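In our numbering, the protein residues as written are 157 to 379. In what follows, a single structure is set out as structure tokens and then discussed.
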């Protein structure tokens, strides 16, 4: 798989443990938004189940790429469908009157527990990150939980994995980098457990938002 270096000359991984500004926002600085429409969407067909257990949707990531509204489900999907799907954007809203289009690329299927989308300001690249909150030493069974994907808008069914070399199928090489970046007096060599839930992109950097960090998945602090 191609390295991201072929597409972006400079990429620095920056983790945001806490959001701080040098001054409080004034009223003119604050972005404004309003709810223009509310309702329900059908992520998939009614009654979808696996071994008798209903499948449900927790859309943890959403992005408008200029043409489609993409969503990523926190949960795995059965069959060949991945957890990433989209609707065309028409008349100022996602065309949810039509069924969602689910992507089926095995690369998307291998990745698990998607958490956030991001696109570069110039609109040339889309990124999608998993939570990086699970690993199993001695096996690659949980590597899919540690994945960053990217593609050019319109090419969402042909994503590339952000890898250190062309043989990897996930982004596990970043785990050690994330851990060291989150070092603290309590964890001077790097935090053992963390969870990524936020992602943002500039034209040459990726910013990651960390929601949890600590000793392990059941012994952590919210950040």
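C-beta atoms are modelled at their ideal positions from N, C-alpha and C, and glycine is treated no differently. This structure is a prediction, so every number in the text was calculated from the model and none was measured.
Are residue 324 and residue 269 closer than 8 angstroms when you measure CB to CB?
-> Along the chain shown, read from residue 1 onward, the residue named residue 324 stands at position 168. Along the chain shown, read from residue 1 onward, the residue named residue 269 stands at position 113. Cβ distance not < 8 angstroms, so residue 324 and residue 269 don't count as in contact.
When the Cα atoms are used, what is the spatial distance from residue 205 to residue 211?
-> To locate residue 205, count along the chain shown from 1; it is residue 49. To locate residue 211, count along the chain shown from 1; it is residue 55. Their Cα atoms are separated by approximately 5 angstroms.
Beta-carbon spacing of residue 300, residue 326 below 8 angstroms = The residue given as residue 300 occupies position 144 in the chain shown. The residue given as residue 326 occupies position 170 in the chain shown. For the pair residue 300 and residue 326, the CB atoms are nearer than the 8 angstroms cut-off.
Would a C-beta distance cut-off of 8 angstroms place residue 309 and residue 222 closer than the cut-off?
-> Residue 309 sits at position 153 when you count from the first residue of the chain shown. Residue 222 sits at position 66 when you count from the first residue of the chain shown. Taking 8 angstroms as the cut-off, the Cβ atoms of residue 309 and residue 222 count as close.
Sequence-distant residues of the same chain with beta carbon closer than 8 angstroms to residue 203, five excluded per side = For the purposes of this step, residue 203 is identified with residue 47 of the chain shown, where counting begins at 1. Correct list, in chain order: 210.
Beta-ladder partner(s) of residue 286, from DSSP = Start at 1 with the first residue of the chain shown, and residue 286 comes out as number 130. Answer is 270, bridged to residue 286.
Between 353, 201, 233, 370, which lies nearest to residue 341 when the distance is taken from Cα to Cα?
-> What you label residue 341 is simply residue 185 of the chain shown in a count that begins at 1. Comparing Cα positions, the closest option is 370.
Whole angstroms is fine: what's the gap from residue 361's alpha carbon to residue 343's?
-> Along the chain shown, one-based indexing puts residue 361 at 205. Along the chain shown, one-based indexing puts residue 343 at 187. So the alpha carbons of these two residues sit roughly 26 angstroms apart.
DSSP-derived helix/strand/coil call for residue 353 = One-based indexing of the chain shown puts residue 353 at position 197. Residue 353 falls in the strand class under three-state DSSP.
Beta-carbon spacing of residue 373, residue 289 below 8 angstroms = The residue labelled residue 373 in the question sits at position 217 within the chain shown. The residue labelled residue 289 in the question sits at position 133 within the chain shown. Less than 8 angstroms divides the Cβ of residue 373 from the Cβ of residue 289.
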